[in-house]
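Reading through the structure tokens given below for one structure.
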Amino acid sequence: MASSADHALRQGIATDPFETPSIRLGVLNQGTFNSRQSHILLEPIARTEPAAEPGLVQRSSRDYGGDPRAESSPGYPGRSDLELIYEEDKTALVADWDHWAICRCLPPPTAAPEDRKKSSIMTLEQNFGRPGPWTSLPGNRRGAQFAPAERFVNVKLSEATREWLSVIAQRFMRVAMDVHGLTLDPPSPASPEVDDFGALGGYLETVLTNYEPFYPLVPARILEPNQLAGPQYGRGSNLLLFLMFAFGSMLDPAIKARRFSTALIEICRHSIHDVLEKDSGAPGSGLLFYCSLIFIIKSSFSGDKAHMNIAVAHRHMYLTLMRSAGHFRKPHRQTQPLIFEHEGLKRFWQSWLEKESASRLAYGWVMLETEISLFYDCRPILNTSELEAPLPSNESLWLASNAEEWRQNLCKEGSFDDWQVCLDAQPDHSLRSLFQLLMDNELDRLDFQPTILHMRLLLYPLHVLVAELSQLLDSGLVSMQSRWFSSPTMQSSSILRYEEIRLLLQAWRDVFDRSTGQGARFRAMRNATLTLFHLISLNLFTAFGKLERVAREGPEIFDSQTRTGSTLSWIRAPELAIVHCGQVFRLSREMDRDICPIWSAAAIYRATLILWSVSILNASSADGHNVINLCQRAGKELVIDEATLQDHDVQQYLRRGDAKPILTAEDGHRVSLHNSGELLRLGIDTVTRRCLPTSFSAGVRYKLEEMAKVWEVKHRSLVDQEPAM
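Just so you know, the sequence shown maps onto residues 5 to 729 in the numbering used here.
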């Protein structure tokens, strides 16, 4: 990456707000920073010769500490790991889980939450002395999952990098300790170090497995941590590397790794804020937004209540800064000079990488905002009309490892020999313009097929529309039930808006079904995108916040509400809600357990709660006015977590309702929608077996288990009164 650093230095250097300490490690100078360098930061080494075949850095089991696990799955086996985490965390973190602002299905706790931010730093040295390995993940997970054409090189950390990281860690640690008013007593000559240095490389493996496929921000199939740890780009690049360590260690089942992750993210958090407070020019830096993006992704689904709340709140601040810095605006188009020589092509490729990185960074925040506002049930912050930055280009160009491979892929896509002609012919859509094409039903008429990443981004404006309508319907002022409307005009406009959004979601699905691709990265992005689509659809078809409140308030309040008939508007389209929930469960089983989004447990939670609500509302509705007739004696069974949305039986059920929807438990037995308790057990088992073994997944499991206890008596009474089938 030396040539990339030289290129950055030639852009005009400003003083680095992430200034590094001036120490001697070989020959090191004080770091400098350019507000444009953040996009160049993640560029690969621009080689003059063709890149080597991408592959994994091979390591022995000793590099990761402890013996490799003997499970059949090369990655996360799921059940044993999450159960271990659940038992380890349950005693210490239950108070934290009870105060989450997400998955709120339990009565509010009476005790005040414990502030673990300070204690995580105070106990950091104790964690370093804790017996046990720093990681329990095998080293060659990606080799079994990713094909060579999509496999990233994870360059092994050097000894010089280890020394440098130790120095930078002390600086970061000092900032966090000053904020919390802590001192070393007695003063220690050095901060604690990860004695198993190979574990850090393993954490980066996890980043390439569980972060990069869903947030494709690393170009050219190479991650060079030794350059991120160097002094070329200052403390900002070092901070980005530490945040990657924090993300990777969060997904490691080893308790030392997870405790290390909590402390490290707290340390990094203060270093990010240190930049914002001390340097007025820092908000214009893309590097700051790379760091804050991974910080918010990691923290929002960490399971740590304080960090989750901070991340959700601070995303508004970072999005405001990005908006002010113009990251979402369309850049001024510059005429590119003709280039004839190879060296010119290489420089042009580096310039293209810089622009593409800026686009992917901006839309990485759009994807993050989709997920946080969806799972935390809060209002989306970004307006679709302001998303005018160019959409990310095709993955084949982004992952090209050198200029020549980039040129070849560009010409292959454009069907021209002249790569500059092919580049000019590339689509120049923004998310705003792409969404306008979707609304005008013109995507089919253009010679342009959106990529799987484009389709995921298109979910954001759809989510905004659903959220706005849901807020109106959930306010209690209007309802999809005509008898609730005081004005025919309000009734007509609300129903019309509902149908328009439903048709837009269907149009999105029609375009999505034409997407083609192959490889583990494509499948991971496809399944995650489809899962989000079903969850957004569920927000249209149900009043999820009210259903969650039912679970939280308990059986007594629920019984009084059913007697008044106020529950009839909570499930707006029962058959559609049931089918979309089944699809969430189906996709969870299709996902590779090694390559799974960190929010997957929250997706299962939402689908479980909706199915449970349909079941219990159906059984308890007053005067026989059931939400949906689940007792179709003559109907055949429809396994909603095995059939796809396009299956004939599913479509017939949506039109006629002539089937008995059922699900499949992890052990293979069928689960009826009549049995509310079994539906909760299905959700618990799915989280345990199918989701990443993290503190967040353990917290979701705890929520569902405690909810089952609260409602146990009610569940038994409903089973006793179930009609004979």
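Cβ coordinates follow ideal geometry from the N, Cα and C atoms, glycine included.
Computed from a prediction, not measured in an experiment: that's the story for all the values here.
* Are the beta-carbon atoms belonging to E209 and R262 less than 8 Å from one another? -> no
* Could you check the C-alpha separation between I44 and A407 for me, to the nearest Å? => Residue placement at I44 cannot be trusted, given a pLDDT of 42 that sits under 50; what the coordinates show is reported in the next sentence. About 15 Å.
* Asked: Leaving out the 5 sequence neighbours to the left and right, which residues in its chain are closer than 7 Å to S42 when beta-carbon positions are compared?
  -> For S42, the pLDDT reaches just 42, beneath the cut-off of 50, and the residue's location in the model is therefore unreliable, leaving the point undetermined.
* Asked: If I271 and F176 are in contact, beta carbons under 8 Å, what's the gap, nearest whole angstrom?
  -> 5 Å
* To do: Please say whether M459 and P217 have beta carbons closer to each other than 8 Å?
  => no
* **Between the CA atoms of G521 and V316 - distance to the nearest angstrom** => 33 Å
* **For A647, the three-state DSSP class (helix, strand or coil)** => coil
* Among W356, L386, Y367 and C382, which has the Cα closest to the Cα of L427? -> W356
* Asked: Should I644 be labelled buried (16 or more other beta-carbon atoms within 10 Å of its own) or exposed?
  -> buried
* To do: Have a look at D653 and R590 and give me their C-alpha separation to the nearest angstrom.
  => 16 Å
* Neighbour-count burial assignment, H336, 16 or more Cβ in a 10 Å radius -> exposed
* Asked: Under three-state DSSP, which class holds P152?
  -> helix
* Residues near D10 in its chain [Cβ-Cβ closer than 7 Å; skip 5 each side] -> Because D10 carries a pLDDT of 34, less than 50, the predicted location of this residue cannot be relied on, and the following value inherits that uncertainty. The answer is none, since no qualifying residue turns up.
* Asked: Since I666 is in the alpha helix (DSSP H), which residue starts that stretch and which ends it?
  -> Here I666 belongs to no alpha helix (DSSP H); instead the beta strand (DSSP E) covers A663 to T668.
* For E163, which of L473, L204, L141 and V723 has the nearest alpha-carbon? -> L204
* **Unbroken beta strand (DSSP E) run spanning V675, endpoints** => R674 to S676
* To do: Confirm, please, whether the CB-CB distance from L110 to D100 is below 8 Å.
  => no
* Taking the Cβ atom as the reference point for each residue, do G240 and V211 lie within a distance shorter than 8 Å? -> no
* Take E716 as the anchor and find which of E682, K416 and D662 has the nearest alpha-carbon. => E682
* Which of the three DSSP states, helix, strand or coil, is assigned to L291? -> helix
* To do: Could you round the C-beta distance between S580 and L658 to whole angstroms and report it? I think they count as a contact, below 8 Å.
  => The sequence as given places Leu at residue 580; Ser does not occur at that position. That belief holds up - the Cβ atoms of L580 and L658 are roughly 7 Å apart, short of 8 Å.
* Measure from the alpha carbon of E472 to the alpha carbon of each residue in I505, V370 and D278, then state which is nearest. => I505
* Asked: Where S39 and V279 are concerned, what is the direct C-alpha to C-alpha distance, given to the nearest angstrom?
  -> Model confidence at S39 stands at a pLDDT of 38, short of 50, so the residue's coordinates are unreliable and nothing is read from them.
* Asked: Assuming R556 and R108 make a contact with CB atoms under 8 Å, what is their CB distance in whole Å?
  -> 6 Å
* **Buried or exposed by the 16-neighbour rule on C-beta atoms within 10 Å, applied to R694** => buried
* Excluding five sequence neighbours on each side, which residues of the same chain lie with their C-beta closer than 6 Å to the C-beta of G136? -> K260
* Secondary structure, alpha helix (DSSP H): runs of 4+ residues fully inside the segment 105-182 -> 120-126, 128-132 and 145-149
* What is the residue span of the alpha helix (DSSP H) that A605 lies within? -> S604 to S624
* Hey, how far is the Cα of P229 from the Cα of Q650? -> 44 Å
* **Per-residue DSSP class, three states only, for P578** => helix
* Going along the chain, which residues of its own chain have a beta-carbon closer than 8 Å to the beta-carbon of L450, five neighbours each way excluded? -> L441
* Asked: From which residue to which residue does the alpha helix (DSSP H) around C426 run?
  -> W423 to D428
* To do: Give the straight-line distance between the Cα atoms of V554 and H467, rounded to the nearest whole angstrom.
  => 24 Å
* Asked: Rounded to a whole number of angstroms, what is the C-alpha to C-alpha distance between H678 and F545?
  -> 20 Å
* To do: From the DSSP output, in three-state form, read off I300 for me.
  => helix
* In the structure shown, what three-state DSSP assignment does T455 receive? -> coil
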